[in-house]
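Below is one structure; the comments refer to it alone.
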Amino acid sequence: MRLLLAFVLALFAAVAQSADRAHDEHSAAEPATVRISAMALDLRVDFAARTLAGEVVHTLAWADPAAAGPAELVLDTRDLAIERVQARKGDGRWQRVEFSLAERDPIFGSTLRIALPSRMDAVRIRYRTSPEASGLQWMTPAMTAGGKQPLLFSQSQAIHARSWVPLQDTPGVRFTYTARIRTAAGLMALMSADNDPAARADGDYRFTMAQPIPSYLLAIAVGDFRFKAISERAGVWAEAPVLDRAAAEFSDTEKMIAATETLYGPYRWERYDLLILPASFPFGGMENPRLSFITPTVITGDKSLVSLIAHELAHSWSGNLVTNASWKDMWLNEGFTSYVENRIVEAVYGREQADMEDVVSQGGLRAELASLPPAQQVLALPPSPGRDPDEALTDVAYIKGQWFLSFLEGRFGREAFDPFLRKWFDEHAFKSVTTDDFLAFLRRELIAKNPGKLTEAELAAWIAGPGLPETAVAATSPRLAAVDAAREDWLKRRVAVAELDTSKWITQEWVHFLEGLPEDIAAERLLELDGAFRFTGTTNGEIAQRWYPITVRAGYFEARPALAQFLRKVGRRKLILPSYVALAETPDGLAFATQVLQQASAGYHPITRGAVQAVLDAAAK
Ligand code: BES
Ligand code: ZN
């Protein structure tokens with residue numbers, strides 16, 4: 000125990016001393032020398048060729064603009080065809096400059112080096128994307144809800160913006176942008192910018208993002224999107240067949256914005272709209288500024304999964320306003336956001352709902368910790384340049400991060416903690432931050448002002464220690480305790496399935512029920528459950544995520560056709576990977592999974608395809 004503490008304190012000291020925590024291992028850019036301060040995009044969307052083609056003009060801010068002699072601009076790219084590079088000083092003439100594209104690295108792509116005769120003020124790059132761009136998903140009409148028009152969307156986080164724009168692809172650099180996007184008339188283009196709810200779909204669009212954002216928040220979507228207002232400043236974009244259902248499900252969005260403003264100060268991005276994408280969207284949501292991208296798998300009809308909207312909205316403070324400087328400090332984005340998300344849920348839906356969500360997510364974190372190497376269980380992660388950030392996504396940044404802030408809230412009380420967090424957002428607005436920055440702010444603004452409440456050792460255990468610190472207080476929920484009791488009664492055959500009083504259960508209760516089933520449950524018992532509750536074929540993604548792996552492990556083959564359909568339709572990684580993992584555990588399951596992937600692959604996002612393939616490859620070895 001003592002040894003562990005000494006080890007954690009040593010690790011903690013190492014975190015605190017690394018002046019370089021702001022360094023981003025996942026970008027070749029050299030922001031200490033030069034930064035992109037503004038970007039002007041002019042792109043044509045070609046659905047037939049599956050490319051974006053055109054040019055980008057980067058305005059450059061040099062650390063030492065007066066320095067004489069030649070200079071170099073280093074940008075990140077992946078699978079881009081660079082056709083021409085020019086540069087200019089002031090409003091002078093564009094002149095062609097030399098460039099070289101390095102060999103492609105599977106994780107980072109190809110570094111673009113532009114040779115400049117001097118510290119020029121702007122560069123103009125003519126380029127086109129590859130049909131396989133990792134940050135874009137091109138969908139045929141058949142893959143959409145409407146079925147008539149094609150659809151395109153981007154997913155830039157963490158390091159995929161470089162696959163559709165050559166840029167400094169690091170969260171440590173912020174820029175404003177403008178864009179002109181041309182596509183076929185009848186298709187609407189939207190960006191993480193000033194979308195106009197009344198825009199006509201004439202195929203020619205202009206955008207401005209006046210607040211500086213990091214590259215991972217650059218976003219575009221093109222499709223047959225319609226708009227429906229929720230409030231004066233909030234609304235939903237979606238394909239016509241989902242528009243009304245989505246607007247009804249997310250009708251509390253304005254209440255959420257207002258609740259967050261009360262806690263943490265004004266919403267600084269003007270409009271807040273949601274874009275509902277097809278089910279192949281690889282995430283639950285993505286906090287693209289002014290326009291969160293959202294999976295349709297949370298539309299359940301009872302608002303039980305709208306915490307996703309609270310989450311993406313919360314990023315407007317934690318992440319988009321105050322941004323992790325590199326992905327190893329991702330907990331500063333996701334942990335803070337998960338904390339704020341739960342505060343929003345509490346403010347809008349009450350403590351009971353917020354507690355249920357905490358119990359479920361804390362259970363998920365505990366399960367994940369059991370299989371993660373200790374080095375990945377810490378909030379402040381060590382640099383891991385060789386690692387694909389897409390594969391480093393765990394509940395540690397999200398839920399352990401959230402838990403840490405809840406712990407601080409408990410120690411210092413909301414009277415002190417709420418204004419503290421608001422001040423963190425205010426003082427670091429539009430800046431990139433590290434764990435060290437937060438620790439310094441915490442010591443100055445909370446610990447020093449409330450002496451005796453928190454020791455350095457307790458703090459170290461949260462930031463640099465593996466697992467869960469002793470000071471972690473678990474959430475509890477009477478409603479979920481009742482679910483535990485009901486499950487036990489049924490498992491012990493004290494009550495029949497028909498006697499379970501589940502009429503008022505919502506998603507979290509069903510999820511909790513399923514997560515507590517024993518691993519070796521027999522197929523005939525699943526048949527009982529399925530007969531009563533019809534899990535197989537559910538359109539609720541969270542329930543499907545838990546149910547299908549159980550059916551696979553129990554050999555409940557009746558669920559296979561619906562499972563195949565679920566895996567073909569849904570691309571959200573978190574929802575489908577557990578089923579692939581379960582299938583890959585047996586040769587028969589692996590064969591089934593391989594066949595399903597073959598059919599599903601064309602409809603999957605590149606990120607999802609890669610993740611599923613990795614699971615199957617590992618099993619086939
Ligand atoms: N920013 C993330 C999504 C993300 C993270 C994309 C890392 C790429 C790399 C987003 O805000 C998020 O956390 N989405 C979650 C939703 C949630 C926890 C409610 C998701 O997609 O599951
Ligand atoms: Zn998030």
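End of the sequence shown = 620 in numbering that gives the first Met the number 0, gap-free, step of one. C-beta: ideal position from N, C-alpha, C; glycine also.
Separation of the CB atoms of Ala313 and Pro295 is rounded to 21 Å, and the pair is thereby denied contact status at 8 Å. Contact between Thr535 and Ala561 holds, with the beta-carbon distance rounding to 5 Å and staying under 8 Å. Apart from sequence neighbours up to five positions away, the residues of its chain that approach Val614 with a beta-carbon distance below 7 Å are Leu576, Tyr579, Val580 and Ala583, ordered along the chain. Taking a cut-off of 8 Å for Cβ pairs, the region 223–240 and the region 152–160 do not touch, as fewer than three such pairs fall below it.
Only residues of its own chain outside the window of five on either side were considered, and among them Ile505, Thr506 and Gln507 have a CB closer than 8 Å to the CB of Ser303, listed in chain order.
A residue is called buried once 16 or more other Cβ atoms fall within 10 Å of its Cβ, and Thr475, having fewer, is exposed. Relative to the non-hydrogen atoms of the ligand ZN, the Cβ of Thr336 comes within a distance shorter than 8 Å of at least one. Ranked by Cα distance from Thr110, the options Arg118, Ala86 and Leu72 are led by Leu72. Take the alpha-carbon of Phe437 and the one of Pro30: they are about 22 Å apart. With contact defined as three or more Cβ pairs closer than 8 Å, the region 97–114 and the region 182–191 are not in contact.
Boundaries of the alpha helix (DSSP H) harbouring Ala531: Ala522 to Phe532, taken from the DSSP string. CA-to-CA, the gap between Glu340 and Gly91 works out to about 49 Å.
With respect to the C-alpha of Ala178, the residue from Phe206, Leu242 and Val432 having the closest C-alpha is Phe206. One thing to note: Gly334 has its Cβ within 9 Å of the Cβ of Ala396. When secondary structure is reduced to three states using DSSP, Leu150 falls in the strand class.
When Gly146, Phe46, Ile606 and Gly222 are compared, the shortest CA-CA separation from Asp387 is found for Ile606. Per the coordinates, the alpha-carbon of Trp316 lies some 9 Å from the alpha-carbon of Pro265. When C-alpha distances from Val321 are compared across Gly171, Ile219, Gln94 and Lys327, the shortest belongs to Gly171. For His159, the CB stays at least 8 Å from every heavy atom of the ligand ZN. Around the CB of Gln598, fewer than 16 other CB atoms lie within 10 Å, so the residue is classed as exposed. The Cβ atoms of Arg125 and Val84 sit closer than 9 Å to each other. According to the DSSP assignment, Glu71 belongs to the beta strand (DSSP E) that extends over Ala70 to Thr76. The beta-carbon distance between Val305 and Asp251, rounded to whole angstroms, is 7 Å. This is short enough to meet the 8 Å contact definition.
Set against 8 Å, the gap from the CB of Gly284 to the closest heavy atom of the ligand BES is smaller. Proximity to Ala39 across Thr58, Ala590, Leu513 and Arg49 peaks at Thr58, based on C-alpha coordinates. Secondary structure note for Tyr555: it is in no alpha helix (DSSP H), with a DSSP letter that is neither H nor E.
Rounded to whole angstroms, Leu276 and Phe292 show a C-alpha spacing of 7 Å.
Contact check for Ala188 and Tyr204: beta-carbon distance about 4 Å, within the 8 Å limit, so the pair qualifies.
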